[in-house]
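Taking it in order: structure first as structure tokens, then the write-up.
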Amino acid sequence: MASLRNIVDDLARAGHLVRLDDPIDPCLEAAEIQRRVYLSGGPAVLFSNVTGCRFPMVSNLFGTIERARYIFRHTYEPVRRAIELKVDPKRGLKQPFRYLSAPLTAWRMRPRRVRSGPALDQSIRLSDLPRLKSWPDDGGPFVTLPQVYSEDPCAPGLGASNLGMYRVQLAGNQYAVDREVGLHYQLHRGIGVHHTAALRSGKPLKVSIFVGGHPAMSVAAVMPLPEGMSELTFAGALAGERIRMIPRTGGGAIYADADFCIAGTIDLQRRLPEGPFGDHLGYYSLTHEFPVLNVEQVTCRSDAIWPFTVVGRPPQEDTTFGQLIHELTGPVIPTVLPGVREVHAVDAAGVHPLLLAIGSERYMPFHRDDRPREILTQANAILGQGQMSLAKYLVIANAFDDESLDLHDPARFFTHILERVDWRRDLHFQTCTTIDTLDYSGEGFNAGSKVVIAATGQPIRSLARELPAELSLPPGWQEPRLALPGVMTVQASPALAGAPARQLAQALESAGSGHWPNLPLVVVVDDSPFSAKTLNNWLWVTFTRSNPSIDLDGVGAFTLNKHWGCTGPVVIDARVKPHHAPPLREDPEITRRVDALAARGGVLSKWL
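Structure, rendered in structure tokens:
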């Protein structure tokens, strides 16, 4: 059976991993090293000398899509072909030799019950585990690559189990030392269904947290599989071997080949404060009450390695998970969402805040106007799918307008949309709804709004490629910048009170249309030069700091039959508000320490 140790040794032989023997503190220092190595495109890193802990740590296993493909090089294509057959079973008849591996892949998808395994080699304490802390204000040490396993207490078994990557806080706050950990799981997560079943039935909810083992388990834990389909099946296919599971007394199971396992029972009567934690939107998710796991057993392999990653403002290592998911499951999208060609959660915008989609207007060839029709139905279907329902902005185009559109080129995609969008009709809001738990731009915890921007047809405007020389802003507005064709960022003076988006929209309206030619979108920001400097900066600022129903306004705004629109540019207020969570910043002392490590030379010097 493949182990994480085998994978690490294989990566080292292939030049994909280096060993760092310097003493490294798991509190902040390891995380800063990981961030730098990832951003410079460096290798996976084995930290062999972790201060205060006897276990080595490894990071950046998924640092590049090429390395991820290398790890799964023997199974990647068979899994893709199995998915192709799922989409179109007739392919097996048309190209039988292409799908010869399908029966073996199907066999590997069946998890296997065993009585014992390396995961039970040693009994340890929670305090023996690496105390990984990624950001200065994190509430304690966290597991950043966990695989959280649960079963429905009313219908137990491996077949309908759930494996998810839910945040795990090992210590801090009010957790009893060595006896309790915090679990943070959000809306639309499989474990939530099991938690609800336990509450209704009065039966205990057994949960096991795995760390390490075959990397396929980590990928499976983030895969958007249909509800009721166990992630263990996908993990077996990608690992190239059946996943071995050890039944737990009283319910649940343990992954036999994990490096570490924390097993316990969710306390259905209590919740405790969890967090803060530096999260994937680039801000801290703050302290909130979440479920508590009463820990009953902590075990590890005799050769255990602790894998970790760092979460923060994208791009980070978890970006690769999104790329893998797209490569493997992209062909399935049209079968689940008829008419939808592709959907892309924009990593640079924090993933959930912004979805781009390509739909298709298939049913209305006799209509001569360019009003979006079917793509609006498709947009509603997208927002009804699992984690995609957490999106705040969904921007959807019609494939037939430009067959070369690429969702992974956001600049070109926004240009396509802004050339065609008619703000009088093409904004469609959902208010008083759910958004990502980690997003603090809304009206409260999990509470916010959504907007669909749907554009079809031929261009109705050309976009400004530079700011007009005659552009004149009213007092209180400064530093105009062109972030994208047709998109202007501008700073509001701190002295301006009230709603800046409304004030700027009114000022532009008073100035007349000649003052905003070919600028259909204006974004009010705190730092315009920063926001317009790069595409990623603009995406991050605009979509993580705004709540559509509150922060969108426009020139010539009107409401007709409860539909809101405007005749001129849309204005988005993307400033930091008092209720927003603070952004992530590194500790200056840790930065100096890692700078000194780089200056000494060594295996990581060129990536630090």
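Residue numbers for the sequence shown follow the numbering used here, beginning at 38 and rising by one. Using N, Cα and C, we set each Cβ at its ideal position, and we do this for glycine too.
Extent of the continuous alpha helix (DSSP H) to which residue i belongs
i: T579; result: 572 to 581
i: T628; result: 625 to 636
i: A49; result: 41 to 50
i: Q543; result: 537 to 548
i: S267; result: Element bounds for S267: n/a, residue is neither H nor E.
i: T526; result: Looking at the DSSP string, T526 is not in any alpha helix (DSSP H); the run it does join, the beta strand (DSSP E), is 524 to 529.
i: G229; result: 227 to 238
i: G396; result: Here G396 belongs to no alpha helix (DSSP H); instead the beta strand (DSSP E) covers 391 to 396.
Residue i versus residue j - alpha carbon distance
i: G494; j: Q353; result: 36 angstroms
i: Q223; j: F466; result: 23 angstroms
i: G89; j: R307; result: 32 angstroms
i: L621; j: G349; result: 7 angstroms
i: P167; j: A295; result: 16 angstroms
i: I419; j: M425; result: 7 angstroms
i: L504; j: G201; result: 47 angstroms
i: F595; j: T470; result: 23 angstroms
i: N210; j: S586; result: 35 angstroms
i: L41; j: M282; result: 16 angstroms
i: C64; j: P310; result: 21 angstroms
i: A257; j: L269; result: 7 angstroms
i: G194; j: V180; result: 26 angstroms
i: R110; j: G273; result: 14 angstroms
Residues near residue i by beta carbon distance below 6 angstroms, same chain, minus five either side
i: R56; result: L83, S85
i: L391; result: V383, Y430, F580
i: S171; result: A68, G315, V347
i: F358; result: V259
Close Cβ partners of residue i (< 7 angstroms) along its chain, the five nearest in sequence each way excluded
i: L464; result: V488, I490, W601, G602
i: D355; result: H317, T346, V348
i: G196; result: S267
Endpoints, the beta strand (DSSP E) within which residue i is located
i: T302; result: 297 to 311
i: H325; result: 325 to 337
i: N199; result: 199 to 201
i: L54; result: 54 to 57
Outcome for residue i when other beta-carbon atoms lying within 10 angstroms are tallied against a minimum of 16
i: K643; result: exposed
i: W553; result: buried
i: R582; result: buried
i: T372; result: exposed
i: F650; result: Any question about residue 650 goes unanswered here, given that the chain covers just 38 to 645.
i: V214; result: exposed
i: N584; result: buried
i: R612; result: buried
i: N417; result: exposed
i: A192; result: exposed
i: M144; result: The question names Met, but residue 144 is Trp in the sequence shown. Looking at its Cβ environment, which holds fewer than 16 other Cβ atoms inside 10 Å, W144 is exposed.
Residue nearest to residue i in terms of C-alpha spacing, selected from the options
i: G287; options: G312, K240, I228, L500; result: K240
i: L556; options: G605, S187, P512; result: G605
i: E440; options: R110, I395, L510; result: I395
i: G591; options: A542, Y212, I342; result: A542
i: D459; options: A611, L558, E507; result: L558
i: V631; options: A39, D59, A51, R50; result: D59
i: R408; options: G481, I497, R226; result: I497
i: P522; options: L572, A544, W514, E546; result: L572
i: P537; options: P511, A253, R518; result: P511
i: L157; options: G250, N598, A192, R110; result: G250
i: N331; options: T628, Q206, I108, L413; result: Q206
i: Q159; options: I291, P284, V185, A341; result: A341
i: K599; options: I102, I362, R462; result: R462
i: E379; options: Y400, R410, R150, Q415; result: Q415
i: F247; options: R216, V230, N199; result: N199
Same chain, Cβ closer than 8 angstroms to residue i, five either side skipped, listed in chain order
i: A81; result: V45, L48, H53, L54, V55, V95, S96, N97, L98, G100, R104
i: Q515; result: V527, Q528, S530, S565
i: E546; result: V592, G593, G605
Interface flag, residue i vs chain C, CB-CB below 8 angstroms
i: L641; result: Judged by its chain identifiers, the structure shown contains no chain C, having just a single protein chain.
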